[in-house]
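Engineer: Sharing a structure with you now.
2 protein chains.
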Amino acid sequence: MTRPKNDSFLRALLREPVEYTPVWLMRQAGRYLPEYCETRRRAGNFLNLCKSPNMACEVTLQPLARYELDAAILFSDILTVPDAMGLGLYFAEGEGPKFERPLREEWEIRALAAPDPYDHLRYVMDAVIEIRKALANSVPLIGFSGSPFTLACYMVEGGASEDFRRIKTMLYERPDLLHHILKVTAQSVIGYLNAQIESGAQAVMIFDTWGGTLSHRGYREFSLAYLEQIVAGLHREYDGERIPSIVFTKGGGQWAEDIARIGCDAIGLDWTSSLSEIRRRVGDKVALQGNLDPMALFATPEVIAAEGRRVVDDFHSAGPGGGHVFNLGHGISQFTPPHHVSTLVNTVHEYSRHFHRL
Amino acid sequence: MTRPKNDSFLRALLREPVEYTPVWLMRQAGRYLPEYCETRRRAGNFLNLCKSPNMACEVTLQPLARYELDAAILFSDILTVPDAMGLGLYFAEGEGPKFERPLREEWEIRALAAPDPYDHLRYVMDAVIEIRKALANSVPLIGFSGSPFTLACYMVEGGASEDFRRIKTMLYERPDLLHHILKVTAQSVIGYLNAQIESGAQAVMIFDTWGGTLSHRGYREFSLAYLEQIVAGLHREYDGERIPSIVFTKGGGQWAEDIARIGCDAIGLDWTSSLSEIRRRVGDKVALQGNLDPMALFATPEVIAAEGRRVVDDFHSAGPGGGHVFNLGHGISQFTPPHHVSTLVNTVHEYSRHFHRL
Chain C
1 MTRPKNDSFL
11 RALLREPVEY
21 TPVWLMRQAG
31 RYLPEYCETR
41 RRAGNFLNLC
51 KSPNMACEVT
61 LQPLARYELD
71 AAILFSDILT
81 VPDAMGLGLY
91 FAEGEGPKFE
101 RPLREEWEIR
111 ALAAPDPYDH
121 LRYVMDAVIE
131 IRKALANSVP
141 LIGFSGSPFT
151 LACYMVEGGA
161 SEDFRRIKTM
171 LYERPDLLHH
181 ILKVTAQSVI
191 GYLNAQIESG
201 AQAVMIFDTW
211 GGTLSHRGYR
221 EFSLAYLEQI
231 VAGLHREYDG
241 ERIPSIVFTK
251 GGGQWAEDIA
261 RIGCDAIGLD
271 WTSSLSEIRR
281 RVGDKVALQG
291 NLDPMALFAT
301 PEVIAAEGRR
311 VVDDFHSAGP
321 GGGHVFNLGH
331 GISQFTPPHH
341 VSTLVNTVHE
351 YSRHFHRL
Chain U
359 MTRPKNDSFL
369 RALLREPVEY
379 TPVWLMRQAG
389 RYLPEYCETR
399 RRAGNFLNLC
409 KSPNMACEVT
419 LQPLARYELD
429 AAILFSDILT
439 VPDAMGLGLY
449 FAEGEGPKFE
459 RPLREEWEIR
469 ALAAPDPYDH
479 LRYVMDAVIE
489 IRKALANSVP
499 LIGFSGSPFT
509 LACYMVEGGA
519 SEDFRRIKTM
529 LYERPDLLHH
539 ILKVTAQSVI
549 GYLNAQIESG
559 AQAVMIFDTW
569 GGTLSHRGYR
579 EFSLAYLEQI
589 VAGLHREYDG
599 ERIPSIVFTK
609 GGGQWAEDIA
619 RIGCDAIGLD
629 WTSSLSEIRR
639 RVGDKVALQG
649 NLDPMALFAT
659 PEVIAAEGRR
669 VVDDFHSAGP
679 GGGHVFNLGH
689 GISQFTPPHH
699 VSTLVNTVHE
709 YSRHFHRL
């Protein structure tokens, strides 16, 4: 395996020198792009799109055709793993993801088993292979998964939740049951991400979207402990190349020191944290990814450029070195004007060069 | 004016010695209580309930009849202030609060003026007077308001929002307009809270429910700066008594040092922060209020008691002294079994005594 021609993203994650700050955007292949909406229409629905390696590859590449992005991310859904565990994922129009068979009874929880990623999740591996081929070593491909706690939220609640009442009632009343779900899910995620790496993913990211709804103690026990197991179980190298890992807990800025200790190469941060403050707190243990407010993309090009520069300035104000991957602090909004993204990507690339010459 | 017979809440806020940790719960007068639902039915709708001093007094006292709470909080809505500014508050069934005339045009924003609290908000002052009479100096009465940024969210969005797209677009594109809204709203809140104090409120709390959705920079510029103006403008003493102030930014744990610097007596914290960590970070500048996850109240009485003790232990593990008011980290859920609340209140009272004897 050879490194991609543009390997700035991988180098930044490993805190190696780069010429400019690499950029990619969470949910960069998504509804704000008319070409994505067109492919999705052809697919019939979102799940068909995820399950077709051909169309998943097509939408993965769409943002790279428009913008000078430094990484591609596999187009898929975080809930493919519980779907492969037999919970029956479906999308109710306007209501988001749901499970036909959420975990409600103890016997259902005890019967959970890690899926074989090369069997029930074959379509994801096929997409990874197809995307790698299509990328032709231009930029690296990121594989990803939801975190065990985030997946468990959907598995127990049966869908999105405002208060996470079911899973938190389980957490407080039957922590043994929740730990069982998390243990099996963590094993599943390790198998799933390693299969993505074996199929061609060159970095992996774990999305802990709901870990930030836990208490400071609960986060350590029910989310971070399993993130640590996953990081320890991942292929650190594959085919002679280091495979960096990124852990992103939305709302986890307060816990950055603890996250930086679990062995991941980078931590993702939302816009509530200052990158320089986090660098001061965690030292040079990890690279940082983030963290522009996605809503800044609704401003004028001048303001977008200024806000992008501020994030770069903030990171570098804590001193030389470090490793920074520029990103939003959460997924890009479906209402974002597509041409605003070019302004952001180009500004960060140009503006960051002088910091990397120092 | 004399201090209430049970003044443990006021003393804890001022970091004076207490015999046990005082307890109250955000939204303690609310839908989880059948007697509240009964009064609300009689009122016809939520806004009638808020606008009737008699019924507002009735529901304010209901939780105190059931539980050994150490403070009462005025029953009202955070959106009374923008309603008094002429925006036309109404509640659409199942959709939460809305404004008939949200701020969309520059001329509407330039025309905003602070309302006279004794005129358009007379019903709130009448409720405060009636509640104070009914409390007969048993426990103190807390007055409250929404923070300028939180009120502005509703005023600009027109109701609840998932992504705060309108107000954030204004923030990035026309910060001058947002600052104008915030300036007028901060003046309004100062007048409103001072009128509550003059009517009998013995402490005040400012709810910054949405400040945590801002970036680290945005929070300081668009929320904290106005919280600071308010704290500086409040009656520090009234009728010979110190009137303590509490500032609560949901999701603001990362910014606790900055919040502690604005001159408030206490800061409220949600369950994502450890009280001992916050005490170590902010020192003895302020008292802390919080911070049990409201979802813990869905567990068994044994678990509720254990979780309540953990919050008390956490606070005191940072050393002797300090000032702690026990509370949830957010409003109590409408689905909470009422008898679970007794377990929590009684446990905190009994268990905390030994820490205060030290």
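Protein sequence lines correspond, in order, to chains C and U. Mapping of the first sequence onto this note's numbering: position 42 corresponds to residue 42, and the numbering continues sequentially without gaps. When you read off a place in the second sequence, starting at 1, and then add 358, the result is the number in this note's numbering. Positions of the beta carbon are idealized from the N, C-alpha and C atoms, including for glycine.
Say whether the region 443-453 of chain U touches the region 481-498 of chain U, bearing in mind that this needs 3 or more beta-carbon pairs closer than 8 Å, one atom from each stretch.
Structural biologist: Contact between the region 443-453 of chain U and the region 481-498 of chain U is absent, because fewer than three Cβ pairs lie under 8 Å.
Engineer: For D441 of chain U, which residues from the same chain have a beta carbon less than 6 Å from its beta carbon, with the 5 sequence-adjacent residues on both sides left out?
Structural biologist: Counting from 1 along the second sequence, the entry for residue 441 of chain U is found at position 83. Closer than 6 Å at the Cβ level, and outside the excluded window around D441 of chain U, lie L447.
Engineer: Just reading off the alpha helix (DSSP H) that G191 of chain C is part of, what are its end residues?
Structural biologist: For this step, residue 191 of chain C is matched to residue 191 along the first sequence. Taken as a continuous stretch (DSSP letters only), the alpha helix (DSSP H) holding G191 of chain C covers 175-199.
Engineer: Mind the definition here: the region 25-39 of chain C touches the region 98-110 of chain C only if three or more C-beta pairs lie below 8 Å; say whether that holds.
Structural biologist: Not touching, per the Cβ criterion.
Engineer: Using a cut-off of 8 Å between C-beta atoms, extract the partners of A299 of chain C located in chain U.
Structural biologist: Reading the first sequence from its first residue, position 299 is the one you call residue 299 of chain C. Ordered by position in chain U, the residues that pass the 8 Å Cβ test against A299 of chain C are T527, Y530, E531.
Engineer: What is the rounded straight-line gap between the Cα of E665 of chain U and the Cα of E228 of chain C?
Structural biologist: Taking the first residue of the second sequence as 1, we reach residue 665 of chain U at position 307. Taking the first residue of the first sequence as 1, we reach residue 228 of chain C at position 228. Roughly 25 Å between the two C-alpha positions.
Engineer: Just the Cα atoms here: how many angstroms apart are I197 of chain C and A624 of chain U?
Structural biologist: As a first step, residue 197 of chain C is located in the first sequence; it is residue number 197 there, counting from the start. As a first step, residue 624 of chain U is located in the second sequence; it is residue number 266 there, counting from the start. Their Cα atoms are separated by approximately 50 Å.
Engineer: Label G329 of chain C either buried or exposed according to how many other C-beta atoms from any shown protein chain fall within 10 Å of its C-beta, with 16 as the threshold for buried.
Structural biologist: Residue numbering aside, residue 329 of chain C sits at position 329 when the first sequence is read from its first letter. Result: buried.
Engineer: Rounded C-beta distance between L470 of chain U and V542 of chain U? I'm assuming under 8 Å.
Structural biologist: As a first step, residue 470 of chain U must be located in the second sequence, where it is residue number 112. As a first step, residue 542 of chain U must be located in the second sequence, where it is residue number 184. Yes, L470 of chain U and V542 of chain U are in contact; Cβ-Cβ is about 5 Å, under 8 Å.
Engineer: Taking G516 of chain U as the reference, give the member of U:R667, U:G454, U:T658, U:Y577 with the closest Cα.
Structural biologist: For this step, residue 516 of chain U is matched to residue 158 along the second sequence. G516 of chain U has its Cα closest to that of U:G454, out of U:R667, U:G454, U:T658, U:Y577.
Engineer: Give a yes or no on whether 7 Å exceeds the smallest Cβ distance from T630 of chain U to chain C.
Structural biologist: Counted from its first residue, the second sequence places residue 630 of chain U at position 272. Yes, because at least one Cβ of chain C sits closer than 7 Å to the Cβ of T630 of chain U.
Engineer: Helix, strand or coil, according to DSSP, for D672 of chain U in the structure here?
Structural biologist: What you label residue 672 of chain U is simply residue 314 of the second sequence in a count that begins at 1. D672 of chain U falls in the helix class under three-state DSSP.
Engineer: Could you please give me the residues that DSSP links to N685 of chain U through a beta bridge?
Structural biologist: Here the question's residue 685 of chain U lines up with position 327 in the second sequence. Its beta-bridge partners are U:N649.
Engineer: For L33 of chain C, I'd like the list of residues in its chain whose CB is within less than 7 Å of its CB, leaving aside the five on either flank, ordered along the chain.
Structural biologist: Against the first sequence, residue 33 of chain C aligns to sequence position 33. Closer than 7 Å at Cβ, skipping near neighbours: Q62, P63, P338.
Engineer: Does M205 of chain C come out as helix, strand or coil in the three-state DSSP assignment?
Structural biologist: The count along the first sequence starts at 1 and reaches residue 205 of chain C at position 205. In this structure, M205 of chain C counts as strand in the three-state DSSP scheme.
Engineer: Spatial neighbours of P4 of chain C within its chain, please: CB distance less than 8 Å, with the 5 preceding and 5 following residues excluded, ordered by chain position.
Structural biologist: Indexing the first sequence from 1 puts residue 4 of chain C at position 4. Excluding sequence neighbours, P4 of chain C sits near L10, L135, N137, S138, V139, P140, Q202.
Engineer: In terms of DSSP beta bridges, what is Y448 of chain U paired with?
Structural biologist: In the second sequence, the residue the question calls residue 448 of chain U occupies position 90. U:K456.
Engineer: Near F522 of chain U, which residues of its chain fall below 8 Å by C-beta distance, leaving aside the five closest residues on each side in sequence?
Structural biologist: Here residue 522 of chain U corresponds to residue number 164 of the second sequence, with the count starting at 1. Same-chain partners within the cutoff: C511, E515, W568, T571.
Engineer: Can you find a C-beta in chain U that's less than 7 Å from the C-beta of S245 of chain C?
Structural biologist: Taking the first sequence and counting its residues from 1, one reaches residue 245 of chain C at position 245. No - not a single Cβ of chain U is within 7 Å of the one on S245 of chain C.
Engineer: Give the interface partners of A423 of chain U over in chain C, defined as CB-CB distance under 7 Å, in chain order.
Structural biologist: Along the second sequence, read from residue 1 onward, the residue named residue 423 of chain U stands at position 65. Per Cβ cutoff of 7 Å: no residues; A423 of chain U is ~27 Å from chain C at best.
Engineer: Buried or exposed for G143 of chain C, going by 16 or more other Cβ atoms inside 10 Å?
Structural biologist: Start at 1 with the first residue of the first sequence, and residue 143 of chain C comes out as number 143. Buried, because 16 or more other Cβ atoms sit within 10 Å of the Cβ of G143 of chain C.
Engineer: To which residues of the same chain is R27 of chain C closer than 8 Å at the C-beta, ignoring the five residues directly before and after it?
Structural biologist: Sequence index remark: in the first sequence, residue 27 of chain C carries index 27 (1-based). Excluding sequence neighbours, R27 of chain C sits near G331, I332.
Engineer: I'd like the list of long-range same chain contacts for A186 of chain C, defined as Cβ closer than 6 Å, with 5 residues on each side in sequence excluded.
Structural biologist: Numbered from 1 along the first sequence, position 186 holds the residue referred to as residue 186 of chain C. Counting only Cβ-Cβ distances below 6 Å, and skipping sequence neighbours, we find P148, Y226, Q229, I230.
Engineer: Taking only runs of the beta strand (DSSP E) that begin and end inside the region 495-538 of chain U, which ones reach a length of at least 3 residues, in chain order?
Structural biologist: Counting whole runs of 3 or more residues, the region 495-538 of chain U contains the beta strand (DSSP E) stretches 499-504.
Engineer: With a threshold of 16 other CB atoms inside 10 Å of the CB of S366 of chain U, please say whether the residue is buried or exposed.
Structural biologist: Locating residue 366 of chain U in the second sequence gives position 8, where the first residue counts as 1. Label assigned to S366 of chain U: buried.
Engineer: Let me know if F335 of chain C comes out buried or exposed under the rule of 16 or more other beta-carbons within 10 Å of its beta-carbon.
Structural biologist: Residue numbering aside, residue 335 of chain C sits at position 335 when the first sequence is read from its first letter. With fewer than 16 Cβ atoms within 10 Å of its Cβ, F335 of chain C is classed as exposed.
Engineer: Helix, strand or coil: which one does DSSP assign to Y378 of chain U?
Structural biologist: The residue you call residue 378 of chain U lines up with position 20 of the second sequence. Three-state result, Y378 of chain U: coil.
Engineer: What are the partner residues of R353 of chain C, as DSSP defines its beta bridges?
Structural biologist: If you number the first sequence from 1, residue 353 of chain C lands on position 353. Per DSSP, none; premise fails for R353 of chain C.
Engineer: Check the Cβ of D163 of chain C against every Cβ in chain U and list those closer than 9 Å, keeping chain order.
Structural biologist: Counting from 1 along the first sequence, the entry for residue 163 of chain C is found at position 163. Neighbours of D163 of chain C on chain U, chain order: P652, M653, S691, F693.
Engineer: Along the beta strand (DSSP E) that carries F606 of chain U, what are the first and last residues, could you check?
Structural biologist: Position 248 of the second sequence, counted from the first residue, corresponds to residue 606 of chain U. Where F606 of chain U is concerned, the enclosing beta strand (DSSP E) stretches over 603-607.
Engineer: Would you check if the distance between the CB atom of H574 of chain U and the CB atom of S274 of chain C is smaller than 7 Å?
Structural biologist: Your numbering for residue 574 of chain U matches position 216 in the second sequence. Your numbering for residue 274 of chain C matches position 274 in the first sequence. Yes. Within cutoff.
Engineer: Which residues of chain C have a Cβ atom closer than 8 Å to the Cβ of E665 of chain U, listed in chain order?
Structural biologist: As a first step, residue 665 of chain U is located in the second sequence; it is residue number 307 there, counting from the start. Per Cβ cutoff of 8 Å: Y172.
Engineer: Along chain U, which residues have their Cβ under 8 Å away from the Cβ of H216 of chain C?
Structural biologist: Numbered from its first residue, the first sequence carries residue 216 of chain C at position 216. Within 8 Å Cβ-Cβ: W629, T630, S631, S632, E635.
Engineer: Since I believe P475 of chain U is in contact with G549 of chain U (beta carbons under 8 Å), could you give me their beta-carbon distance rounded to a whole number of angstroms?
Structural biologist: Mapped onto the second sequence, residue 549 of chain U falls at position 191. Mapped onto the second sequence, residue 475 of chain U falls at position 117. Contact flag correct, Cβ pair sits at about 5 Å.
Engineer: Would you tell me roughly how many angstroms separate the C-alpha atoms of A450 of chain U and H180 of chain C, rounded to the nearest one?
Structural biologist: Translated into the one-based positions of the second sequence, residue 450 of chain U becomes position 92. Translated into the one-based positions of the first sequence, residue 180 of chain C becomes position 180. Computed Cα separation, rounded: 42 Å.
Engineer: Spatial neighbours of F222 of chain C within its chain, please: C-beta separation below 7 Å, excluding the five flanking residues on both sides.
Structural biologist: Mapped onto the first sequence, residue 222 of chain C falls at position 222. Only F149, L171, L178, L182, L214 meet the Cβ criterion.
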